[in-house]
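Residue numbers (my numbering): 102 to 331.
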């Protein structure tokens with residue numbers, strides 16, 4: 102039987118990157134979604150725990166993408182409002198890595214957002230590879246939040262580990278290749294530097310010997326595309 106008390110904001114229908122999501126949520130067999138006008142957030146999920154006053158607790162989320170970051174004032178204002186509504190308790194962001202715009206990805210946008218809110222707003226940022234993987238991403242996050250006794254301790258993880266599988270034209274990067282890259286490059290910025298400089302590209306090809314060079318080419322082309330579109 103579907104679980105009640107999950108809501109999404111009706112304005113998602115008017116947002117290009119998210120306008121297909123309402124139909125997916127309303128068809129969710131695991132959870133009963135309601136469509137409402139929400140002032141400070143895009144999603145609200147009921148948690149299994151209750152407050153000291155026996156009130157149902159909710160986790161509130163913003164849905165953002167690189168397109169939203171084109172207007173930094175608006176996106177920052179939304180983050181501030183959500184954070185201060187509950188003093189930073191039970192709030193977070195889901196960030197879409199792949200925009201609908203042809204050839205546009207949001208890896209750099211995700212990293213910039215992480216850097217901008219670091220030390221200012223203590224809230225997790227969950228990377229979402231595509232709308233198709235939304236339910237899976239949300240279910241994993243909801244289980245983590247519901248099992249945590251300290252909501253603010255829920256983390257989106259090390260950005261380098263989280264994003265590395267998607268730093269290629271054809272994600273995910275194979276696990277063995279990810280392990281090699283992770284040992285050599287300790288952050289995404291180091292990998293980006295290698296992929297966008299002649300010396301770095303030579304080092305990448307030596308690090309990942311591949312007769313066809315397809316894996317390295319896809320990593321290099323991915324970062325060339327990122328810097329062209331961001």
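Ideal placement from N, C-alpha and C gives every residue a C-beta, glycine not left out. Everything numeric in this text was worked out from a predicted model, so none of it was measured.
Euclidean distance between Cα positions of residue i and residue j
{"i": "residue 244", "j": "residue 298", "result": "41 Å"}
{"i": "residue 280", "j": "residue 317", "result": "14 Å"}
{"i": "residue 274", "j": "residue 192", "result": "30 Å"}
{"i": "residue 292", "j": "residue 114", "result": "36 Å"}
{"i": "residue 224", "j": "residue 277", "result": "31 Å"}
{"i": "residue 194", "j": "residue 164", "result": "6 Å"}
{"i": "residue 196", "j": "residue 218", "result": "13 Å"}
{"i": "residue 255", "j": "residue 221", "result": "Legend: pLDDT at residue 255 = 48, less than 50; position of this residue unreliable, no value from coordinates given."}
{"i": "residue 233", "j": "residue 119", "result": "11 Å"}
{"i": "residue 302", "j": "residue 170", "result": "30 Å"}
{"i": "residue 238", "j": "residue 172", "result": "26 Å"}
{"i": "residue 295", "j": "residue 310", "result": "16 Å"}
{"i": "residue 185", "j": "residue 306", "result": "47 Å"}
{"i": "residue 189", "j": "residue 180", "result": "10 Å"}
{"i": "residue 187", "j": "residue 174", "result": "21 Å"}
Segment limits, beta strand (DSSP E) that includes residue i
{"i": "residue 196", "result": "192 to 197"}
{"i": "residue 226", "result": "226 to 229"}
{"i": "residue 307", "result": "It is not in any beta strand (DSSP E) - residue 307 instead sits in the alpha helix (DSSP H) that spans 299 to 308."}
Rounded distance between the beta-carbons of residue j and residue i, thought under 8 Å
{"i": "residue 137", "j": "residue 112", "result": "Rounded, the Cβ-Cβ distance is 10 Å, inconsistent with contact."}
{"i": "residue 265", "j": "residue 211", "result": "Not confirmed; about 12 Å, so no contact."}
Identity of the residue in the options nearest residue i by Cα
{"i": "residue 236", "options": "119, 116, 125", "result": "125"}
{"i": "residue 144", "options": "123, 320, 130", "result": "123"}
{"i": "residue 177", "options": "197, 215, 160, 161", "result": "215"}
{"i": "residue 106", "options": "118, 117, 127", "result": "127"}
{"i": "residue 320", "options": "300, 287, 282", "result": "282"}
{"i": "residue 324", "options": "183, 226, 209", "result": "209"}
{"i": "residue 242", "options": "180, 158, 146", "result": "146"}
{"i": "residue 134", "options": "141, 110, 117", "result": "110"}
{"i": "residue 182", "options": "207, 139, 157", "result": "139"}
{"i": "residue 141", "options": "267, 160, 131", "result": "160"}
Residues bridged to residue i [DSSP beta-bridge criterion]
{"i": "residue 163", "result": "194"}
{"i": "residue 144", "result": "109, 162"}
{"i": "residue 114", "result": "According to DSSP, which records beta bridges pairwise, residue 114 is partnered with nothing at all."}
{"i": "residue 137", "result": "110"}
Residue interval of the alpha helix (DSSP H) (run including residue i)
{"i": "residue 276", "result": "276 to 285"}
{"i": "residue 209", "result": "208 to 218"}
{"i": "residue 180", "result": "173 to 186"}
{"i": "residue 382", "result": "Beyond the ends of the chain as shown, which are 102 and 331, falls residue 382; an answer cannot be given."}
{"i": "residue 125", "result": "122 to 127"}
{"i": "residue 292", "result": "289 to 296"}
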